[in-house]
Amino acid sequence: MPRFELNDTDVVVIVGSGAGGGTMANELTRRGLKVVLFEAGKRQSLATFSQNPSEAFAQLTWLEPRSQSGTWDPVKNSPTLPAWHCRTVGGTTVHWTAATPRLQPYELRARSVYGDIPGASLADWPIDYDELKRWYQVAEKRLGVTRRNGNPGLPASNNFKVMHAGARRLGYKRVHTNYMAINSRARDGRGFCIQQGFCAQGCKTGAKWSTLYTEIPQAEASGRLDLRSECFVTRIEHDDAGRASGVVYRDAAGVEQRQRARIVCVAGNAIETARLLLLSESGRFRQGLANGSDQVGRNYCHHVLSFVFGIFDQPVSFWRGAVLAGVVEDENIHDPRRGFAGGYHLELAMLDLPTLPLIGLPYGWGRDYASIIDNYRNMAGMLVNGEDLPRADNRITLSTTRKDAYGLPVAHIHCDPHANDVAMRAHATGQGRKIYESVGAKRTVVSSIPPATHQMGTARMSHDPAQGVTNAHGRAHEVPNLFMSDGSVQTTAGAANPTLTIVALALRQAEYIGREAAGGRL
Amino acid sequence: MNTSATHTGSPQSADRRSFVRVMGVLSGVIALGHPLAALLPSRAWAVELRVLPSAQAAALLAMIRTIAPHDTLDDAAYALVVSAVDGEAAGSTQARTDLTAGLASLGDGFALLPEDARTLHLKAIENGAFFQSVRTKTLTTLYSNPIAWAHFGYEGESFSKGGYLLRGFNDLKWLPDVPPADSGALPFG
Chain G
0 MPRFELNDTD
10 VVVIVGSGAG
20 GGTMANELTR
30 RGLKVVLFEA
40 GKRQSLATFS
50 QNPSEAFAQL
60 TWLEPRSQSG
70 TWDPVKNSPT
80 LPAWHCRTVG
90 GTTVHWTAAT
100 PRLQPYELRA
110 RSVYGDIPGA
120 SLADWPIDYD
130 ELKRWYQVAE
140 KRLGVTRRNG
150 NPGLPASNNF
160 KVMHAGARRL
170 GYKRVHTNYM
180 AINSRARDGR
190 GFCIQQGFCA
200 QGCKTGAKWS
210 TLYTEIPQAE
220 ASGRLDLRSE
230 CFVTRIEHDD
240 AGRASGVVYR
250 DAAGVEQRQR
260 ARIVCVAGNA
270 IETARLLLLS
280 ESGRFRQGLA
290 NGSDQVGRNY
300 CHHVLSFVFG
310 IFDQPVSFWR
320 GAVLAGVVED
330 ENIHDPRRGF
340 AGGYHLELAM
350 LDLPTLPLIG
360 LPYGWGRDYA
370 SIIDNYRNMA
380 GMLVNGEDLP
390 RADNRITLST
400 TRKDAYGLPV
410 AHIHCDPHAN
420 DVAMRAHATG
430 QGRKIYESVG
440 AKRTVVSSIP
450 PATHQMGTAR
460 MSHDPAQGVT
470 NAHGRAHEVP
480 NLFMSDGSVQ
490 TTAGAANPTL
500 TIVALALRQA
510 EYIGREAAGG
520 RL
Chain E
0 MNTSATHTGS
10 PQSADRRSFV
20 RVMGVLSGVI
30 ALGHPLAALL
40 PSRAWAVELR
50 VLPSAQAAAL
60 LAMIRTIAPH
70 DTLDDAAYAL
80 VVSAVDGEAA
90 GSTQARTDLT
100 AGLASLGDGF
110 ALLPEDARTL
120 HLKAIENGAF
130 FQSVRTKTLT
140 TLYSNPIAWA
150 HFGYEGESFS
160 KGGYLLRGFN
170 DLKWLPDVPP
180 ADSGALPFG
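Residue numbers (numbering that gives the first Met the number 0), protein chains in the order written: chain G, 0 to 521; chain E, 0 to 188.
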């Protein structure tokens, strides 16, 4: 692997090695560009992944503290972990559960379709759906998504049998083993899924797509990737013309270094991406880099998420098998007669022990609480994944109370769920309960709002520079050679798990950067 | 599991222990015939404590059993939580002070109260830092060890056994099978 010079002004710097950053690294090196890829975490491998959930959590998770405020549940229930994503080479693609639905056409026109909803800061995407769809098709081939391009669906697990039977009884029609970036057959040099039930701890067979063992090794093979793991970028610098000129980072030994750059792509997962822009304030960019619109960190979306569990008289053993391999798609529509705008997916889900009591149950303790866990064998589970509305004040700021190991303010997360989110959650969890009750559940349990696993919107794409941070290519409105390459660019959340969209947009952005760079315009 | 008489812990005198740093000891014996007895190298277990004297450890164990009451889950699993709380207190003066004060607030004889009375007592301190810290430690520790996994039927680690593909991921028989269009064929044959 090459090591590019710190003062090499010809390299592209990418911050973060997950779905966006890892894909960008592969795509840009393929196009002949030199890339320095920064990752704050360590490099793991199939061999080092652990199926002890607590060990895996400690090994992969972004554990730096955060502060938070607002009326959403994690303030009380998950004070030290409001968001659950990764700090490791491969980023959150190591931990993700690999559901890859597409956004729907109506979701890209949320402002036009839903109207002006008070208390929300909706906007339409600056991208045409047909354009996005073209890139979805490329991304689905890359990831080997099941039920697309002739890839068979994953086989139904016990947990899905319960969901399917109940959903059909309720009259739902589009119920299947989900679109999954998990090999149902051997392909791409990786084997088929053996239903381990440990998608979120790092897939030990590599059947699940992760940039750790696909995009990143391909980029390394190009000879043009300089991967710097355990290196934490603390600041993006700019020159007198207002162009990004490089990044300041702490290397693995904690020593401050400075890497020059031709182009900077930020893919730190939407919370850290916003934090890095805010930390990069300067005399010229007083509110933070690329933040003249004051939109950096605002419009933070994390989906309407809730677990719903059914407890039955007979065993389900829901921990056996691919975690999210099941979906009810029928509610992913805009139908205001339900009492809210936008739609949701009901996706199959299970939680291991101890994760179930830590994030999957409503707050509680004592006899009643313990009796849920006593029924662990007989539980079926699902996850509501719905569109939450962007709000100007649901935002990431720099914490005024907590600092990281380098003395830098950590990310502060403020969230007040919109009334639309509350109404959607009530509807979706109600439907989830009915699904289980229709096949004989003796009890159903709905979680409180769990830690956010999907982070979006904090540097959103907008036609109007006053309404967002980036243009239709994820390029900062104010800094011509600065790009956001992760979920932060999503104009709205939609109801789709974000990874497929992140990859599709990264593929598109890489083509644009390659073209502009080759043409001497970048 | 441990005999019924020791559900709230069976603190024994630490006097006969020769380790200087040991403050208290929790110990017990897993009953003959219990499935765990076959799994473990010895039926006897003991947890040495660095901060808590045995009587306070018993109060803490009773508190943990009240937070997460699973009647037939062995004290050995609960003792792991006591040990984790004790270990944290050994690492910081502040944590030690908070723990000692918290346990003192439970009052003498807490471990001997009936469960209803213990529950009432804990309800009154539920929003305080002491209770919240013990609750969190209970969830993270009690449910993340092989004793608890065996008890609740969670089969856990599967890679070394080839996953669950041939070990029951689709063996549920009390509902109809999913039609092929909504499922997918097994990856072989």
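Cβ coordinates follow ideal geometry from the N, Cα and C atoms, glycine included.
All values derive from a computational prediction rather than experimental measurement.
- Inter-residue distance for G/Arg283 and E/Ser132 is about 45 Å (C-alpha atoms, whole angstroms).
- Looking at the DSSP output, G/Cys198 bridges to nothing.
- The Cβ atoms of G/Val14 and G/Cys198 do not sit closer than 9 Å to each other.
- Its chain contains Ile372, Tyr375 as the residues whose beta carbon lies nearer than 8 Å to that of G/Leu355, once the 5 sequence neighbours on both sides are disregarded; these appear in chain order.
- Within the segment 157 to 190 of chain G, the residues whose Cβ lies closer than 7 Å to some Cβ of chain E are Asn157, Phe159, Lys160, Val161, His163, Ala164, Val174, His175, Thr176, Ser183, Arg184, listed in chain order.
- Here G/Ala185 is exposed, its C-beta having fewer than 16 other C-beta atoms within 10 Å.
- Contacts between E/Glu154 and chain G, judged by CB atoms closer than 9 Å, involve Gly196, Ser316, Trp318, Arg319 in chain order.
- The CB of E/Asp181 comes closer than 8 Å to the CB of Gly152, Ala155, His163, Val174, His175, Thr176 in chain G, given here in chain order.
- G/Gly201 places its beta carbon 9 Å or farther from that of G/Asp351.
- About 6 Å separates the Cβ atoms of G/Pro81 and G/Pro450, confirming a contact at the 8 Å cut-off.
- Ranked by Cα distance from E/Tyr163, the options G/Ser156, G/Val161, G/Leu169, G/Ala166 are led by G/Ser156.
- DSSP, read as helix, strand or coil, puts G/Val93 in coil.
- The beta carbon of E/Gly23 does not come within 9 Å of any beta carbon belonging to chain G, so the residue lies off that interface.
- Beta-bridge partners assigned by DSSP to G/Pro408: G/Lys402.
- Listed by position along chain G, the residues whose Cβ is nearer than 8 Å to that of E/Arg134 are Trp364.
- Only residues of its own chain outside the window of five on either side were considered, and among them Ala458, Met460, Ala475, Met483, Val488 have a CB closer than 6 Å to the CB of G/Thr469, listed in chain order.
- Per DSSP, the beta bridge partners of G/Lys41 are G/Thr87.
- The beta carbon of G/Arg86 lies closer than 6 Å to those of Ala39, Gly40, Trp61 in the same chain, with the five residues before and after it left out.
- The Cβ atoms of E/Ala67 and E/Leu112 do not sit closer than 9 Å to each other.
- At a cut-off of 9 Å between beta-carbon atoms, G/Leu352 makes contact with chain E.
- At a cut-off of 9 Å between C-beta atoms, E/Tyr142 counts as an interface residue with respect to chain G.
- Under the DSSP definition of a beta bridge, G/His453 lacks any partner.
- For E/Ile146, no chain G residue has a Cβ inside 7 Å of its Cβ, as the nearest lies near 11 Å away.
- In this structure, DSSP gives G/Ser370 a helical state, which the three-state scheme calls helix.
- When the Cα atoms are used, G/Pro151 and G/Ser183 turn out to be separated by approximately 6 Å.
- Distance from the Cα of G/Asn298 is smallest, within the candidate group G/Asp415, G/Val137, G/Tyr171, for G/Asp415.
- At least 9 Å separates the CB of G/Pro81 from every CB of chain E.
- Taking CB atoms only, E/Phe151 has a neighbour in chain G less than 9 Å away.
- Note on geometry: alpha-carbon atoms of G/Leu169 and G/His175 lie some 15 Å from one another.
- At a cut-off of 3 residues, the continuous stretches assigned as beta strand (DSSP E) that sit fully inside the segment 309 to 393 of chain G are 343 to 347, 378 to 385.
- Burial is judged here by how many other beta carbons sit within 10 angstroms of a residue's own beta carbon; E/Leu165 has fewer than 16 and is exposed.
- Residues of the segment 424 to 441 of chain G with a Cβ closer than 7 Å to any Cβ of chain E, in chain order: Val438.
- Nearest neighbour of G/Lys402 by Cα position, chosen from G/His344, G/Leu278, G/Asp238, turns out to be G/Leu278.
- Between G/Met378 and G/Ile310, the C-beta spacing is below 9 Å.
- Counted as a single uninterrupted DSSP element, the stretch harbouring E/Leu25 is not any alpha helix (DSSP H) but the beta strand (DSSP E) occupying residues 23 to 28.
- Nearest CB-CB separation between E/His69 and chain G: below the 9 Å threshold.
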